[in-house]
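Chemist:
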Amino acid sequence: MKTTTDETKYWNPYVAGVLLGVVLFLSFFITSHGLGSSGGVNRIAVALQDLVVPEYVDSVPYTARMAGGDKNPLDSWIVWEVAGILLGGFASGMLRKRVRLQTYHGPQISSRSRWGYAFLGGLLMGYGARLARGCTSGQALSGGAVLSVGSWAFMFAVFAGGYGLAWFVRRLWQAE
Amino acid sequence: MAPFDLVALLGVTGSYLVYLAIGFAFGFILESAGFGDARRLAAQFYFSELRVLKVMFTAIIVAMTLIFLSTALGLLDYDEVWVNPTYLWPGILGGLIMGVGFIIGGYCPGTSLVSMATLKIDGAFFVLGVFAGVLLFGDTVEYFNDFWHSGFMGRFTLPELFGLETGVVVVLLVLMALAMFWGFGLISKLIYGKQEDHSPLGARMAAAFALLLVSSLLLFYEQPDADRKWELLADKYAPRLQQRTAYIDPAELFHMMNDEYIELIIFDVRDEQDWNQFHLVDAERVPLQQLTAQRKRMKSLPENAVVVLVSNDEILATRAWKQLMAIAKPNAYILEGGINHWLNIYGVSDDEVDDHGTASLATQDGSLRHPFKLALGARHAAARPDEHLAPQREYTPRVKLLKKISKAGGCD
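Going line by line, the protein sequences match chains W and L.
Sequential numbering of the first sequence, starting at 88, is according to our numbering.
Sequential numbering of the second sequence, starting at 549, is according to our numbering.
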């Protein structure tokens, strides 16, 4: 099966963790802040919204702050970081021949229902990330490394939410 | 001292290229760690694979150790590092929602991006979902704005929470992470009856020991205190004292007292006796030893805030200025000639004052040269001179209002 060949090509998680830690440190050292992604996704989403319904974007304070009037929501470092994440992920996938059109899903569910669940999970993630002012990278990883109290509380909440629900949705991921 | 002002160094485009490079490394590592595959991420919550825990906590403790070693060695200025401000309740609720989203959708925003980049359709659907979620949030946040701002504690760190040295907290967190790696592995073995991790135990132990050893250095190299911090920053700030651009004429302070646009904060650093004799209206008495307690407030001042430090002459106020710069770098100035000079201009020839003549600015000994007969505090007319009656003076304006460089971190 493909999975096993993929498995052997993945890095040891501790090695990946050390490298990620070094990148995170360099990010703080050079730029004063850590890594982020949901903020960039947010800005891209607002930019698309601004193309379609600019009056609406200007009327809502939250989006107007990013894209009100002639403000360009893409004019931010985090958008560039997101572009980098996409390129880096693609490059790594190409090198290991993992770039191919496919759907990862648990053994008990179809691709189609997996798409639905992925969308639903993404929706919750996006909403929660904005509510918590950051995602796994911007809050947990970055805030955690510089000892922010709120980031540590957030991190444990994420794990609590995941573990709390895991048993009830095991059909999504596990075999019978 | 790092961090650097990237835009000043490289220009806007150059700084964006740095972020592109950092993002590239981030994405490359996530994909290489197997985080483009939702099944491996979700497996964390069934203990069948512990990649999420291992990668995340290893990254955190490695970065943390490097960051605080750099600050201890004076290479990096922790005050300039973006620390996510704590909004406790929305942070916890948002975290719970994200945990639920994680186990249903199988990704988090960053990992879904690398999944999509390798053409995984479920990753792309997840990214679409995130788009929908953030837009939905923008549309609904107005209904619970109060909650979204609740539990605000500003820049609040674990060493402050526990009242422990930074080095101790770092070592404890490293130990906690190592204990979690071990404990989760144990749970996994209990459930599935086999080892989850096949990498050589010796190598893992050696790495854990090395990291613990390096982070333990923080127990011996302490984080810089205000004095040492000033030494590190002296190159940058001492010229302001030498060229006297940090000193403002009394007339400029007087002008600011009447400027509604400026949020003026006056710190009087003299002892209580002199303070009781005379002080400026709206001044706050903050002795030198208590300056550090102002750190948090000084770090979250609005752009139009100006801090003016006041002592009898300039000696104490200058010392206070150095301390403030070392701990928080607010937009702060020193009253030129101090209270003595102020009273020379706005206060003498009044029957409440024993007139000892004009105090010389050249000889400074820290004492109040205009002894008052009564302890008038701020009730003396010179505590806030009348806008129309006070003598007009020419002066060179020194105060520059800050235009804050927007420096939101992570996900703003």
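Glycine included, C-beta positions come from ideal geometry on N, C-alpha and C.
Tell me, please, which residues DSSP counts as bridged to L:Ala550.
Modeler: L:Leu624
Chemist: W:Lys96 by DSSP, collapsed to three states: which one?
Modeler: helix
Chemist: Whole-angstrom Cβ separation of L:Gly886 and L:Ser859, contact assumed at under 8 Å?
Modeler: 5 Å
Chemist: Are three or more beta carbon pairs between the region 664-679 of chain L and the region 197-208 of chain W nearer than 8 Å?
Modeler: yes
Chemist: Beta carbon of L:Ile615: closer than 8 Å to some heavy atom of the ligand FMN?
Modeler: Here there are no bound small molecules, and the ligand FMN is not part of this structure.
Chemist: Determine contact between the region 681-691 of chain L and the region 558-574 of chain L, defined as no fewer than three beta-carbon pairs at a distance below 8 Å.
Modeler: No contact exists between the region 681-691 of chain L and the region 558-574 of chain L.
Chemist: Please list, in chain order, all residues of the same chain as L:Pro633 whose beta carbon is under 8 Å from its beta carbon, the five residues on each side excluded.
Modeler: Only residues of its own chain outside the window of five on either side were considered, and among them Phe700, Met701, Gly702, Arg703, Phe704 have a CB closer than 8 Å to the CB of L:Pro633, listed in chain order.
Chemist: On the criterion of 16 or more Cβ atoms from any shown chain inside 10 Å, does W:Leu111 qualify as buried, or is it exposed?
Modeler: buried
Chemist: Please confirm whether W:Leu231 and W:Ile165 have their CB atoms less than 9 Å apart.
Modeler: Note on residue identity: the sequence assigns Gly, not Leu, to residue 231 of chain W. No, the pair does not count as a contact, with Cβ atoms beyond the cut-off.
Chemist: Using beta-carbon positions only, say whether L:Glu708 and W:Val236 come within less than 9 Å of one another.
Modeler: yes
Chemist: What would DSSP say about W:Arg217, mapped onto helix, strand or coil?
Modeler: helix
Chemist: Out of curiosity, what's the CA-to-CA distance linking W:Leu161 and W:Val169?
Modeler: One C-alpha to the other measures close to 11 Å.
Chemist: Tell whether a beta-carbon distance below 9 Å holds between L:Phe572 and W:Leu174.
Modeler: yes
Chemist: What does DSSP give as the partner residue(s) for L:Thr705 in the beta ladder?
Modeler: W:Ser235
Chemist: Give the secondary structure of L:Ile615 by DSSP, where H, G and I count as helix, E and B as strand, and everything else as coil.
Modeler: helix
Chemist: Quick one: list the residues of chain L neighbouring W:Val133, beta-carbon separation under 9 Å, in chain order.
Modeler: What W:Val133 touches in chain L: Val682, Leu683, Gly686.
Chemist: Classify L:Pro878 as buried or exposed, calling it buried when 16 or more other Cβ atoms lie within 10 Å of its own Cβ.
Modeler: Buried.
Chemist: Are the C-beta atoms of L:Tyr635 and some chain W residue less than 9 Å apart?
Modeler: yes
Chemist: Would you mind listing the alpha helix (DSSP H) stretches within the region 134-180 of chain W that are 4+ residues and don't spill past its ends, in chain order?
Modeler: 141-146, 148-154, all fully within the region 134-180 of chain W.
Chemist: Count the other C-beta atoms from every protein chain shown that fall within 10 angstroms of the C-beta of L:Trp730, then say buried if there are 16 or more, exposed otherwise.
Modeler: exposed
Chemist: Are W:Gly213 and L:Leu684 close, meaning C-beta to C-beta below 9 Å?
Modeler: yes
Chemist: Pull up the distance between the alpha-carbon of L:Val560 and that of W:Gly221, whole angstroms please.
Modeler: 24 Å
Chemist: Distance cutoff 9 Å, beta carbons only. Does L:Gly642 sit that close to anything in chain W?
Modeler: yes
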